[in-house]
Amino acid sequence: MTTMTNTILNNEYWNNISVNQSFDFDDLFSSAFNFVLPMKNENTEILLLSSENDHKYSQTLPTNNTTEESQQPSLICGVCGAPAFGYNFDQITCESCKAFFRRNALRYMPDLKCRYSSSCIINVNTRRQCTYCRLKKCFDIKMRKDWIRTEEEKQLRQLIKLTKEQKKINDLSNDQQSLINFSQVLRKKKRLIIKSTNQEFVPKLIFTQTIFGFNHNLSNEDQILLNNITNAYQIGANHIDICCLNKYTSSPSLIEFFNEESIIHQSLIYFYKYIPEFKQLHMDDQVLLIKCNLITIIHLHYILIEKFQERPFIGLYMSKWINEDFHYEMSRTRRYFNRFIEHPLIIKLALIVLLFSINLSPPRGTNQFNVYINKIDIYRIHEFYTIVLWRYLIYLFGEREAIKSIEIIITQILRFQNLINIMEETVRKTTDYNTFNQLMFSLFQLT
Numbered sequence: 021m022t023t024m025t026n027t028i029l030n031n032e033y034w035n036n037i038s039v040n041q042s043f044d045f046d047d048l049f050s051s052a053f054n055f056v057l058p059m060k061n062e063n064t065e066i067l068l069l070s071s072e073n074d075h076k077y078s079q080t081l082p083t084n085n086t087t088e089e090s091q092q093p094s095l096i097c098g099v100c101g102a103p104a105f106g107y108n109f110d111q112i113t114c115e116s117c118k119a120f121f122r123r124n125a126l127r128y129m130p131d132l133k134c135r136y137s138s139s140c141i142i143n144v145n146t147r148r149q150c151t152y153c154r155l156k157k158c159f160d161i162k163m164r165k166d167w168i169r170t171e172e173e174k175q176l177r178q179l180i181k182l183t184k185e186q187k188k189i190n191d192l193s194n195d196q197q198s199l200i201n202f203s204q205v206l207r208k209k210k211r212l213i214i215k216s217t218n219q220e221f222v223p224k225l226i227f228t229q230t231i232f233g234f235n236h237n238l239s240n241e242d243q244i245l246l247n248n249i250t251n252a253y254q255i256g257a258n259h260i261d262i263c264c265l266n267k268y269t270s271s272p273s274l275i276e277f278f279n280e281e282s283i284i285h286q287s288l289i290y291f292y293k294y295i296p297e298f299k300q301l302h303m304d305d306q307v308l309l310i311k312c313n314l315i316t317i318i319h320l321h322y323i324l325i326e327k328f329q330e331r332p333f334i335g336l337y338m339s340k341w342i343n344e345d346f347h348y349e350m351s352r353t354r355r356y357f358n359r360f361i362e363h364p365l366i367i368k369l370a371l372i373v374l375l376f377s378i379n380l381s382p383p384r385g386t387n388q389f390n391v392y393i394n395k396i397d398i399y400r401i402h403e404f405y406t407i408v409l410w411r412y413l414i415y416l417f418g419e420r421e422a423i424k425s426i427e428i429i430i431t432q433i434l435r436f437q438n439l440i441n442i443m444e445e446t447v448r449k450t451t452d453y454n455t456f457n458q459l460m461f462s463l464f465q466l467t
């Protein structure tokens with residue numbers, strides 16, 4: 021344990037971290053701070069589950085209705101200069117620019133191109149001519165893309181509303197219940213089910229009509245926890261900008277590739293640092309869990325940030341570094357998780373469960389065994405999040421499909437584990453593995 025403790029750097033370094041500087045493994049654990057999900061401030065917005073409408077994100081300024089003139093907009097859109105009625109995504113904009121920002125803010129900026137010199141004038145007449153410059157101006161005036169609800173968040177809010185309606189019904193007396201007209205609730209359920217089943221699905225997706233079954237409701241505590249996990253992942257995983265990926269000017273070596281990809285590993289570690297149970301563990305246990313498990317479970321993180329799509333040229337690289345069969349098996353294993361493409365929160369929960377799995381990965385390198393300081397606490401945390409994952413699967417799909425989902429997660433993680441063993445053997449055979457940056461050197465346990 022002395023060796024592990026010696027790897028921890030100055031505790032003050034954490035507070036001075038800049039997203040533009042490089043990190044090594046120890047830097048990411050150089051401070052123990054109290055876990056607080058950042059609430060509403062200048063930089064971060066955590067969304068709490070409630071039945072409030074979208075006016076939380078669109079604040080309409082009060083107007084005096086006594087005169088016809090006072091009803092006319094007196095505000096100017098900060099993007100195009102059109103008349104505006106209020107704040108949208110923390111800035112004064114018109115309805116057109118509000119809708120434009122909601123549609124485009126989460127797009128990958130390098131995919132957008134300006135046909136001119138990236139300095140188009142954006143006004144009411146020209147705002148539709150250049151998507152790149154219009155979106156750039158939205159960001160220039162500090163519109164906040166973190167205020168855009170994801171489809172997952174929207175669905176959770178709809179489910180909570182239905183749950184509350186059902187709870188009100190259940191709280192009525194028997195005589196009152198006999199007078200209840202269920203048509204309104206059923207119509208809402210039907211619309212949501214039709215919307216879900218009409219979307220484009222990949223083959224073998226789970227049929228999700230039971231998602232609205234009244235017998236599988238989540239508790240309020242479960243709903244809040246799931247929402248916090250969703251937002252912690254968004255904040256943590258996006259803590260480091262990943263736009264610099266996929267900019268290889270030539271075919272990199274395996275070591276060069278991993279050094280570039282270490283930013284992905286860092287972002288997953290940042291997510292874990294927002295999990296309160298993880299932060300409450302002894303620092304040595306935090307480090308050991310990351311060192312033992314991250315290499316295996318990182319591929320679930322890749323699936324999420326790549327939106328269930330494989331990046332171009334990755335097959336060519338893997339075939340060159342290892343062999344074609346290796347890439348085929350990696351792609352095949354990833355495709356099993358397409359089953360959860362409409363429910364990415366399942367994978368986020370699995371990332372937490374697997375992190376706290378002490379026996380997930382055997383000791384590697386010179387380590388003959390892993391010694392944890394608070395092993396019982398880790399077991400309890402693992403059990404807690406396993407139960408949360410199970411309840412969420414039951415809530416979504418029912419018991420039969422929940423069992424299938426757990427089976428898929430476990431089986432494919434074991435496949436990833438075998439493939440990672442092959443990759444580690446390849447890394448150890450390379451002559452330049454000493455050029456690994458400190459984080460990847462530690463994760464591959466080459467010390």
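Heads up: the sequence shown runs through residues 21 to 467, numbered per the working numbering. The beta-carbon is built from N, C-alpha and C at its ideal position, and this holds for glycine as well.
Close-in-space but distant-in-sequence residues of the same chain around residue i (CB under 8 Å, 5 per side omitted)
i: residue 422; result: 410, 413, 414 and 416
i: residue 95; result: 81, 103, 104, 105, 106 and 112
i: residue 318; result: 284, 285 and 288
i: residue 380; result: 312, 313, 316, 317, 374, 433 and 437
i: residue 62; result: The pLDDT assigned to residue 62 is 37, lower than 50, so where the model puts this residue is not dependable; a value taken from the coordinates is nonetheless given after this. For residue 62, where only same-chain residues beyond five positions count, there are no Cβ hits under 8 Å.
Outcome for residue i when other beta-carbon atoms lying within 10 angstroms are tallied against a minimum of 16
i: residue 286; result: buried
i: residue 348; result: exposed
i: residue 307; result: buried
i: residue 331; result: exposed
i: residue 301; result: buried
i: residue 108; result: buried
i: residue 408; result: buried
i: residue 430; result: exposed
i: residue 136; result: exposed
i: residue 305; result: buried
i: residue 129; result: exposed
i: residue 139; result: exposed
i: residue 247; result: buried
i: residue 298; result: buried
i: residue 351; result: exposed
i: residue 157; result: buried
i: residue 333; result: exposed
i: residue 148; result: exposed
Cα-Cα separation, residue i to residue j
i: residue 362; j: residue 444; result: 32 Å
i: residue 372; j: residue 295; result: 8 Å
i: residue 313; j: residue 99; result: 46 Å
i: residue 321; j: residue 278; result: 15 Å
i: residue 237; j: residue 119; result: 33 Å
i: residue 245; j: residue 239; result: 10 Å
i: residue 404; j: residue 376; result: 10 Å
i: residue 442; j: residue 243; result: 40 Å
i: residue 123; j: residue 164; result: 13 Å
i: residue 273; j: residue 180; result: 49 Å
i: residue 366; j: residue 141; result: 44 Å
i: residue 161; j: residue 449; result: 51 Å
i: residue 393; j: residue 241; result: 30 Å
i: residue 230; j: residue 368; result: Confidence at residue 230 is low in this model, with a pLDDT of 34, below 50, so its placement is unreliable and no value can be given for it.
i: residue 215; j: residue 329; result: Low per-residue confidence applies at residue 215: pLDDT is 48, beneath 50, and the placement is therefore not dependable, though the value from the model is reported in the following sentence. Those two C-alpha atoms are separated by around 23 Å.
i: residue 358; j: residue 419; result: 20 Å
i: residue 176; j: residue 341; result: 42 Å
Neighbourhood of residue i by C-beta distance below 6 Å, restricted to the same chain and skipping five residues each side
i: residue 14; result: Given a span of 21 to 467 for the chain in the structure shown, any question on residue 14 remains unanswerable.
i: residue 356; result: 428 and 432
i: residue 425; result: 413
i: residue 455; result: 275
CB-CB length for residue i against residue j, believed under 8 Å
i: residue 364; j: residue 324; result: 6 Å
i: residue 132; j: residue 168; result: Not confirmed; about 17 Å, so no contact.
i: residue 346; j: residue 439; result: 7 Å
i: residue 117; j: residue 97; result: 6 Å
i: residue 457; j: residue 282; result: 6 Å
Beta-carbon contacts of residue i that lie in its chain and below 7 Å, excluding the five residues immediately before and after
i: residue 159; result: none
i: residue 447; result: 274, 453 and 464
i: residue 326; result: none
*Counting Cβ pairs, one atom from each stretch, are 3 or more of them under 8 Å apart for the stretch 457–465 and the stretch 390–403?*
no
_Check whether the stretch 289–308 and the stretch 236–254 are in contact - that is, three or more C-beta pairs closer than 8 Å._
yes
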